[in-house]
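Notes to accompany the following structure.
This is the structure we're talking about:
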């Protein structure tokens, strides 16, 4: 029984060390972060606002469309340029924006892993204990 408990603790420890990638969570955004300057600002009056920014990527100037609004003309901000970006107009996003990932998934995944290890340990305990017979009354 101690072996089952030790294996369960080892699995939980290794899962913790593996990090968020084990549960399908990626922390990094694919792309390169660069400084950009807003060329054509858009007010935040309607939906689907897209501003135009200019930046230098790969040693040459580029323009990109930023899904944002409310910046001033000439304002500098950090954007993430996707890997393999080419052409004159590229779709970029703000470096500090999260793309729908929640770090709440990692603790939940780890908790489910702990409960499954506990359930497996209890199963081993019940198998090793053997069947129990009721005493006659």
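Residue numbers (the numbering used here): 23 to 159. The beta carbon of each residue, even a glycine, is placed where N, CA and C say it ideally should be. Just so you know, these numbers come straight off a predicted model, no measurement behind them.
Beta-ladder partner(s) of residue i, from DSSP
{"i": "residue 147", "result": "Looking at the DSSP assignment, residue 147 forms no beta bridge with any residue, so it has no partner."}
{"i": "residue 116", "result": "101"}
Extent of the continuous beta strand (DSSP E) run through residue i
{"i": "residue 99", "result": "98-103"}
{"i": "residue 83", "result": "82-88"}
{"i": "residue 60", "result": "54-62"}
Given residue i as reference, the closest of the options once Cα atoms are compared
{"i": "residue 99", "options": "111, 84 and 76", "result": "76"}
{"i": "residue 151", "options": "143, 93 and 157", "result": "143"}
{"i": "residue 107", "options": "145, 56, 97 and 31", "result": "56"}
{"i": "residue 35", "options": "158, 153, 154 and 136", "result": "136"}
{"i": "residue 17", "options": "119, 66 and 69", "result": "Outside the displayed range of the chain (23 to 159) lies residue 17, so it cannot be described from this structure."}
{"i": "residue 89", "options": "155, 83, 71 and 97", "result": "71"}
{"i": "residue 53", "options": "146, 139 and 115", "result": "115"}
{"i": "residue 29", "options": "73, 85, 101 and 141", "result": "141"}
Residue i versus residue j - alpha carbon distance
{"i": "residue 113", "j": "residue 31", "result": "45 Å"}
{"i": "residue 117", "j": "residue 26", "result": "45 Å"}
{"i": "residue 58", "j": "residue 39", "result": "36 Å"}
{"i": "residue 78", "j": "residue 84", "result": "6 Å"}
{"i": "residue 69", "j": "residue 92", "result": "12 Å"}
{"i": "residue 96", "j": "residue 81", "result": "21 Å"}
First through last residue of the alpha helix (DSSP H) which encompasses residue i
{"i": "residue 108", "result": "Neither: residue 108 is in no alpha helix (DSSP H) and is coded neither H nor E."}
{"i": "residue 29", "result": "24-40"}
Check: residue i C-beta below 8 Å from any heavy atom of the ligand SAH
{"i": "residue 52", "result": "Inclusion of the ligand SAH in the displayed structure is not the case, the ligand content being empty and no account of it being possible."}
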